[in-house]
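Engineer: Residue numbers for the sequence shown, in the working numbering: 60 to 135. Have a look at the structure that comes next, please.
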Amino acid sequence: MKPTYQEFVDAIKILFKKSWSSLSDDEINQFFEQEKEYLEVQYSQNCKEFDAGDITEEQFRVGGVSSVAYCLELLY
Numbered sequence: 060m061k062p063t064y065q066e067f068v069d070a071i072k073i074l075f076k077k078s079w080s081s082l083s084d085d086e087i088n089q090f091f092e093q094e095k096e097y098l099e100v101q102y103s104q105n106c107k108e109f110d111a112g113d114i115t116e117e118q119f120r121v122g123g124v125s126s127v128a129y130c131l132e133l134l135y
């Protein structure tokens with residue numbers, strides 16, 4: 060079963076916070092709100108790949124999440 064959008068974003072926040080532990084939750088939430096369009100596009104892309112059978116649930120939850128988290132870490 061593929062993760063919901065909120066599960067996807069929450070998992071990304073956990074990884075992001077590991078790299079940017081000096082940021083408050085409010086600062087992280089504000090940054091994620093600014094990047095909402097990017098998050099939605101990435102979630103949609105992962106959903107398409109999952110639905111087509113190109114990636115597994117684990118790849119969605121691990122690879123999809125970590126790649127987006129890493130990108131956001133670099134953007135910040």
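Ideal Cβ positions, reconstructed from N, Cα and C, are used throughout, including at glycine.
(1) Given that a residue counts as buried once 16 or more other Cβ atoms are within 10 Å of its Cβ, and exposed if not, what is residue 127?
(2) Can you tell which of 91, 95, 111 has its C-alpha closest to the C-alpha of residue 73?
(3) So is residue 123 buried or exposed if we call it buried at 16+ other beta carbons inside 10 Å?
(4) Going by Cα to Cα distance, which pick from 125, 119, 131, 133 is closest to residue 63?
(5) Just the Cα atoms here: how many angstroms apart are residue 81 and residue 87?
(6) What residue ranges within the region 69–120 form continuous alpha helix (DSSP H) runs of no fewer than 4 residues, ordered along the chain?
(7) Can you tell me where the alpha helix (DSSP H) holding residue 129 begins and where it ends?
Structural biologist: Considering the structure as presented:
(1) buried
(2) 91
(3) buried
(4) 119
(5) Residue 81 and residue 87 have their alpha carbons spaced roughly 10 Å apart.
(6) 84–93, 95–110
(7) 124–134
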